[in-house]
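Input: a single structure, listed below in structure tokens.
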Amino acid sequence: MKKNPLHIIKSAIVEDLKKRHAFLSALGEDALVYPPDTKFGDIALPCFAYAKSAGKNPAELARAIAESRVVASEWVSAINAAGPYVNFVLKSDSLARALFAALKKPVFFGTNDLGKGERVMIEYPSPNTHKEFHIGHVRNVCLGVALTHLYEASGFKMAQVDYTNDLGSHVAKCLWALMKFHKGEKPPRGREARWLGALYAEGAQKLEAHPEYAPEVSEVLQKLEARDKAVRALWKKTRAWSIKGMDGYLKELGARYKREFFESEVKDEGKKIVAELLEKGIAKKSQGAVIIDMSAQGFGVMLLLKSDGTGLYATSDLALARKKFKLFKIDRSINITDVRQSLYFKQLFHALALSGFTQKMTHIGYEFVRLPEGAMASRTGRVILYEDMRDEIISAAAEETKKRHPEWSARKIADTAHALALAGLKFGMLKYDPSKVIVFDKKEALSFEGFTGPYLLYTFARMNSLLKKTRSGARGLVDAALLADAHEKQLALHAARLPEIVQSATENNNPSELAQYAYKLCQLFAGFYEHCPVLRAPNKEVARARVALVQAAQNVLEQSLKLLDIPLIQEM
RNA sequence: GCGCCCGUAGCUCAAUGGAUAGAGCAAGACCCUUCUAAGGUCGAGAUGUAGGUUCAAUUCCUACCGGGCGCACCA
3 MKKNPLHIIK SAIVEDLKKR HAFLSALGED ALVYPPDTKF GDIALPCFAY AKSAGKNPAE
63 LARAIAESRV VASEWVSAIN AAGPYVNFVL KSDSLARALF AALKKPVFFG TNDLGKGERV
123 MIEYPSPNTH KEFHIGHVRN VCLGVALTHL YEASGFKMAQ VDYTNDLGSH VAKCLWALMK
183 FHKGEKPPRG REARWLGALY AEGAQKLEAH PEYAPEVSEV LQKLEARDKA VRALWKKTRA
243 WSIKGMDGYL KELGARYKRE FFESEVKDEG KKIVAELLEK GIAKKSQGAV IIDMSAQGFG
303 VMLLLKSDGT GLYATSDLAL ARKKFKLFKI DRSINITDVR QSLYFKQLFH ALALSGFTQK
363 MTHIGYEFVR LPEGAMASRT GRVILYEDMR DEIISAAAEE TKKRHPEWSA RKIADTAHAL
423 ALAGLKFGML KYDPSKVIVF DKKEALSFEG FTGPYLLYTF ARMNSLLKKT RSGARGLVDA
483 ALLADAHEKQ LALHAARLPE IVQSATENNN PSELAQYAYK LCQLFAGFYE HCPVLRAPNK
543 EVARARVALV QAAQNVLEQS LKLLDIPLIQ EM
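Read in order, the letters of the first sequence correspond to residues 3 to 574 in my numbering.
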């Protein structure tokens, strides 16, 4: 454990309590909680758990503990019993000192050693080529990027990969639509990926309306998998367009993966594995297709090969798993997809186990993004494309920025608007628990007030502006004892919690914990900002101490935003 | 039909089994000669239903009611 002020404080309290009270001999740091209201105290010990072994009721225990008056006196200024709780009031000066000391190396502040160097591969967002990139994909990217950062901060060695499905029936539908209805047409320059996405949607719609086209589409895929020259050439060209477009989106959203795998590169190998499974009797033929019956496990039937001989995700995934572990020397792999694929992953992991592959693989399923009028589907055209939404937010942000800073250059306004748009979009995805469906509300996405990314950036910009104006006053010794105001203390206490929030968010695969934390930090800063003037502090010493606190808060906010991969801006 | 997820304020979301269930938006009343009003302050407003476990349930269990998703040739 690195220098973590609250860890130091809590363990001091725990050690002292254990020494003084026999019935607390098994006390752990986890037993300490934060009171719901700071008027009780800063850290609390609920006494329910010890009542039985001590033979007293919790309130009596709390009173007995509080009577000792002195516990970890270096950190605690008062102990009060309130019903079954013992509340510890922290000394604000030693708290602030511990926070400042820990932040001397801000890079390490939020970290923990949960991972102990374990090598983990994280696979996301894996969009398909030849399809559209919509705001649902954005949630996947945001989660993947934030989780990667969180895992790294928790001591894991991360390998990010993207696995691109460039060979499946979606590709066939797109190419079929292209050849049948748009032969010879050229895509608008720079918008090729988008154009293909629209073709896919058209192909899917036409096929749905006219099932009699199915053999034609199947033939395209069969030719593709059989490496037919003409189809293959068209595939190669369009695939490159699509990948270029996707790469642009993913890079803008912060994904730093190595694209190591393509469906087209492992599909043949997967077919071999399916043949082996068939031979061993693990898989069997049914209705012309190859399946594994998993109904005994409650997983239904897993389809490995279609009756026309072409492969599926499952076909390739059997080969991919082996390849991943071999190439990257990883201890564990994580897949991030939306929950609709949860059953599929259970099937896949079971199939891998049946085939003798027992490496640790997990699937993180997040709920999908839907629209107020229903589920998004590129097939039906009811989608909000990432590009469109981003541009709409950018222009709204540019307009707001221009209003506030008419003197700024066009370039500066554009850069600021871009950062605001990404912050809004990304924070909007990350602030929700991954297990909750997001009903994407355009109006909310365009808002810059309240629990939003721009609010966090606004707070950061205010901190920055304040620090810029006080640069000269920041020097010299800081007397932390001058930070006695409740707003100052609450801000310091909350800032000190970053390490435990990072650890918890990692353990729960839930970046929203960090998002909520960062927002709360900004709210507390706003309270401090309102009540504790820095530039017009009562005297120089107080000003110095407050500057140090602002720096600390800014450090913590900066780390939080970086972990969430939200861009920082100095002014707005 | 079976399985998974979700039901908290008008809306969108918080709350390791613990103290008076917190925020934002919307609606209402305030605060810019005062460190960026993209902000702050003050009111109003909620745990789907019925049981159970527990000293204590929004949280765990069961049933029901609502909603979403998944359950062989899609990805």
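Glycine residues also receive a C-beta, built at the ideal position from the N, C-alpha and C atoms.
Contacting residues, own chain, Cβ-Cβ under 8 angstroms from residue i (five flanking each side not counted)
| i | result |
| --- | --- |
| alanine 528 | Thr461 |
| leucine 307 | Lys273, Val276, Ala291, Val292, Gly313, Leu314 and Thr317 |
| valine 122 | Tyr153, Phe158, Lys159, Met160, Ala161, Ile332, Asp333, Arg334, Ser335 and Ile336 |
| glutamate 369 | Asp340, Val341, Pro436, Ser437, Lys438, Val439 and Ile440 |
| alanine 257 | Tyr126, Pro127, Val143, Gly146, Val147, Gln162 and Asp164 |
| leucine 537 | Leu468, Lys471, Thr472 and Ala545 |
| glutamine 207 | Arg381, Thr382 and Gly383 |
| glutamine 618 | No answer is possible for residue 618: it lies beyond the span of the chain, which begins at 3 and ends at 574. |
| arginine 2 | Because the chain in this structure spans residues 3 to 574, residue 2 falls outside the shown range and cannot be described. |
For residue i: DSSP bridge partner residues
| i | result |
| --- | --- |
| tyrosine 165 | Phe263 |
| threonine 508 | For threonine 508, which the question treats as bridged, DSSP gives no partner whatsoever. |
| proline 48 | Tyr87 |
| serine 335 | Met123 and Met363 |
| lysine 159 | Arg121 |
| isoleucine 386 | Isoleucine 386 is not bridged to any residue. |
| arginine 372 | Ala377 and Val441 |
| methionine 304 | Ile294 |
| leucine 92 | Val78 |
| aspartate 340 | Tyr368 |
| histidine 139 | According to DSSP, histidine 139 bridges with nothing at all. |
| asparagine 130 | Asn167 |
| glycine 313 | Leu307 |
Cut-off 7 angstroms between Cβ atoms - residues of its own chain near residue i, not counting five sequence neighbours on either side
| i | result |
| --- | --- |
| alanine 486 | Ser94 |
| proline 37 | Gly43, Ala46 and Asn89 |
| valine 140 | Leu255, Tyr388, Leu427 and Met431 |
| alanine 547 | Val480, Asp481, Ala482, Leu484 and Leu485 |
| aspartate 567 | Val147, Ala148, His151, Gly256 and Lys428 |
| proline 60 | Cys49, Phe50, Ala53 and Pro86 |
Supposed contact pair residue j and residue i - C-beta distance, whole angstroms, cut 8 angstroms
| i | j | result |
| --- | --- | --- |
| phenylalanine 442 | leucine 373 | 6 angstroms |
| leucine 63 | alanine 494 | Wrong, their Cβ atoms sit about 30 angstroms apart, outside the cutoff. |
| phenylalanine 25 | alanine 68 | 15 angstroms between Cβ atoms; not a contact. |
| valine 91 | aspartate 44 | 6 angstroms |
| glycine 199 | lysine 133 | 6 angstroms |
| glycine 430 | phenylalanine 450 | Their Cβ separation, rounded to whole angstroms, is 11 angstroms, which puts glycine 430 and phenylalanine 450 out of contact at 8 angstroms. |
| histidine 533 | histidine 489 | 5 angstroms |
| lysine 21 | leucine 29 | Not confirmed; about 10 angstroms, so no contact. |
| alanine 423 | arginine 392 | 6 angstroms |
| valine 222 | leucine 177 | 6 angstroms |
| isoleucine 396 | alanine 377 | Their Cβ separation, rounded to whole angstroms, is 26 angstroms, which puts isoleucine 396 and alanine 377 out of contact at 8 angstroms. |
| leucine 459 | isoleucine 571 | 6 angstroms |
| isoleucine 632 | valine 73 | Here the chain covers residues 3 to 574 and nothing more, so residue 632 does not appear. |
6 angstroms CB neighbourhood of residue i in its chain, flanking five on each side removed
| i | result |
| --- | --- |
| glutamate 265 | Asn167, Asp168, Leu169 and Ser318 |
| leucine 320 | Gly272 and Ile275 |
| isoleucine 440 | Val371 and Tyr434 |
| lysine 12 | Glu31 and Leu34 |
| alanine 80 | Val91 |
| valine 268 | Ser318, Ala321 and Leu322 |
| leucine 201 | Cys176, Ala179 and Leu180 |
Distance cut-off 7 angstroms: residue i Cβ against heavy atoms of the ligand NAP
| i | result |
| --- | --- |
| arginine 141 | With respect to the ligand NAP, the structure shown offers nothing to examine, as it has no ligands at all. |
Check your understanding: Are three or more beta carbon pairs between the segment 349–369 and the segment 152–165 nearer than 8 angstroms?
Key -> Flag = no, the segment 349–369 and the segment 152–165 do not touch.
Practice item. Starting from the N-terminal side, write out each stretch of the beta strand (DSSP E) that is 3 residues or longer and does not extend beyond the segment 224–293. Key: Listed in chain order, they are 260–264 and 286–288.
Check your understanding: Using 8 angstroms as the threshold, is the segment 280–288 in touch with the segment 142–153, meaning 3 or more CB pairs across them?
Key -> The segment 280–288 is not in contact with the segment 142–153.
Check your understanding: What residue ranges within the segment 15–75 form continuous beta strand (DSSP E) runs of no fewer than 3 residues, ordered along the chain?
Key -> Entirely contained in the segment 15–75, the beta strand (DSSP E) runs reaching 3 residues are, in chain order, 45–48.
**Study point:** Three CB pairs or more closer than 8 angstroms across the segment 119–136 and the segment 501–513
**Key:** Between the segment 119–136 and the segment 501–513, the count of Cβ pairs shorter than 8 angstroms is below three; the stretches do not touch.
Point to revise | Cβ pair count under 8 angstroms reaching 3, the segment 5–12 against the segment 497–507 | key: In short, these stretches touch, since the Cβ pair count reaches three.
Exercise for review: Please confirm if the segment 554–562 is in contact with the segment 510–524, defined as three or more CB-CB distances below 8 angstroms between the two stretches.
Suggested key: Three or more Cβ pairs drawn from the segment 554–562 and the segment 510–524 lie within less than 8 angstroms of each other, which places the two stretches in contact.
Practice item. For the segment 173–214, list the alpha helix (DSSP H) runs that are entirely contained and at least 4 residues long, ordered along the chain. Key: Counting only runs of 4 or more, we get 194–211.
Review point. Pairing CB atoms from the segment 104–124 with CB atoms from the segment 465–474, are three or more of them under 8 angstroms?
Key: Contact check between the segment 104–124 and the segment 465–474: fewer than three CB pairs, one atom from each, fall below 8 angstroms, which does not count as touching.
Practice item. Specify whether the segment 218–238 and the segment 176–184 touch according to this definition: at least 3 beta carbon pairs, one from each stretch, less than 8 angstroms apart. Key: Here the segment 218–238 makes contact with the segment 176–184; the two share three or more CB pairs at distances below 8 angstroms.
Exercise for review: Note down, one range per segment and in chain order, each alpha helix (DSSP H) of at least 4 residues found wholly within the segment 510–574.
Suggested key: If we require 4 residues or more, the alpha helix (DSSP H) runs fully inside the segment 510–574 come out as 514–533 and 542–565.
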